[in-house]
Amino acid sequence: MHNSPVQKYCYVLLLLSFSLTSLSQTHRYVNPSGTDSGTCSEPGSPCQSIDYAITQAAANDVLNLTEGTFTATTLSTRVVLSGRGTGTVVQGITVNAAVSGTDPVSIENLTVTSSSTHGITIGTSYVELFNVNSSNHSGRNVNIDAATAIQNITISNCVLDGGDYGLWLTEQTDLTNLTVLNTSMDNNTIGFYSQLGNSASAGIRLAAVLVRNCTFNNNLRKGIYAEKLENAIFENITVDNSGTDATYDFNNGIDINLKWQAYSGITIRNSRVINSGAIGSNDIATAPDNRHTSAIAIKARTDAGSYNGTPASLTNVTLDGVIIDGLVTDLRFGEMGKTDNDGMDMSTV
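Just so we're aligned, residue 19 is where the sequence shown starts under our numbering, counting upward by one.
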């Protein structure tokens, strides 16, 4: 079959586009035994630190890290930070590069270990983490903390285990399009935490969320905890043995505890939430104390004392193909021991 003149023209333009893209991307090389001089563009003459390589880099450059341990770095340019797997260790990463179109900052194939509080802190849009192990941090394994509204954060094939929090979204962070795929948030105090603790923060959202093929197992207090969340799909996730802290009153596998504004569209599909939600320090003989915990709790808070002045609401919740088997209660709506704005005692739900 012969290509038409138009097809040939498009093909030439496509090749030209690829050529221009490849010409605009420079590979730079970083080795802990290198020297911070030159342009880092020759494999045989690597620079030593990521920070120095950043000063030499342009947007979309690839910083190739050898195996070894690198000091903490701040990615202030939109680059690809590429390691060689578990043998490449970076002692903390902060991402604050200014947005330039849709050019991403990509971090791939490395381990983050840090003596500071957090492993990776993200404060900008269009950030991708792929095959990253950021675990065992005293604070947050991944901390999303942005002063202005951001979008398009993707976390794929990552390990965010064994910290205080696996993935934390701060109260001030307004994020649209969060995608988490094939990632574990296990053995933390809380696996995933989306914070909105103050009525003054009303209007800040976490929206357009996809979490697929992920685990939230063996988290001490909660597998997933969300104070802001909408237009979210959790698909093929497992929450097993989360919310078992003997000293804690509100253990849950998943706790959707929405505050201060109107929310819509939360779907949990083809998932398992099991062996979660232990009594903890509550009095097992006294209601409603013995009902606070559950495998899944879904709440839009309107109860008096804190939430009735600026009540939340939630519509369009779907659980489809979900296996729920809690240690105390399987599924609970509303906050036990509270009365909502419609006068309903949540203890009776």
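Using N, Cα and C, we set each Cβ at its ideal position, and we do this for glycine too. All figures in this text were calculated on a predicted structure; none of them were measured in a lab.
The Cβ-Cβ distance between S67 and T84 does not fall below 8 Å. The three-state reading of DSSP puts I72 in helix, counting H, G and I together. Following the DSSP letters along the chain, one finds L193 inside the beta strand (DSSP E) bounded by residues L193 to L199.
The DSSP-derived three-state label of A264 is coil.
Separation of the CB atoms of T129 and N151 is rounded to 5 Å, and the pair is thereby assigned contact status at 8 Å. Secondary structure at S282: strand, using DSSP grouped into helix, strand and coil. DSSP, read as helix, strand or coil, puts A77 in coil. Cα atoms of I140 and S219: separation of roughly 20 Å, rounded to the nearest angstrom.
Beta-bridge partners of A244 (DSSP): S212 and I274. I272 counts as buried, since at least 16 other C-beta atoms from the protein chains shown sit within 10 angstroms of its C-beta. Residue pairing for I316: DSSP places it in a beta bridge opposite I274 and F351.
Counting only residues of its own chain and dropping the five nearest sequence neighbours on each side, Q169 has a CB closer than 8 Å to the CB of S143, Y144, L193, T194 and N195. In the DSSP annotation of this structure, the continuous segment of the beta strand (DSSP E) that includes L187 starts and ends at Y183 to L187. Taking a 10 Å sphere around the C-beta of P61, we find fewer than 16 other C-beta atoms and assign the residue as exposed.
Put simply, the backbone Cα of A75 is about 36 Å away from that of T233. Per DSSP, the continuous beta strand (DSSP E) segment holding D258 begins and ends at T256 to D258.
The bridge partners DSSP lists for I173 are L147 and V198. Looking at A250, S260 and A296, the one whose alpha-carbon comes closest to that of Y281 is A250. Spanning the alpha carbons of G86 and T106 requires a straight line of approximately 5 Å. Bounds of the beta strand (DSSP E) holding V123 are V123 to V130.
In terms of Cβ geometry, L214 and E245 form a close pair [threshold 8 Å]. For A296, no beta strand (DSSP E) encloses it, and the DSSP letter there is neither H nor E. Counting along the chain, the unbroken beta strand (DSSP E) around H45 starts and ends at H45 to V48.
Going by DSSP, N159 is part of the beta strand (DSSP E) stretching over R158 to I162. Contact holds between the region 285-296 and the region 344-354, because three or more Cβ pairs, one in each stretch, are under 8 Å apart. Membership of F88 in the beta strand (DSSP E) is indicated by the continuous run G86 to F88. In this structure, DSSP gives S217 a helical state, which the three-state scheme calls helix. Sequence-distant partners of A313 (beyond 5 residues in either direction) whose C-beta falls short of 6 Å from its own C-beta, in its chain, are G271, V291, S294, G295, I342, G344 and D348. Taking the Cα positions, N275 is about 36 Å away from T104.
In terms of Cβ geometry, H45 and N78 do not form a close pair [threshold 8 Å]. In the same chain as A225, and ignoring 5 residues on each side of it, the C-beta atoms closer than 7 Å to its own belong to T194, E248 and N249, in chain order.
Per DSSP, F234 has no beta-bridge partner at all.
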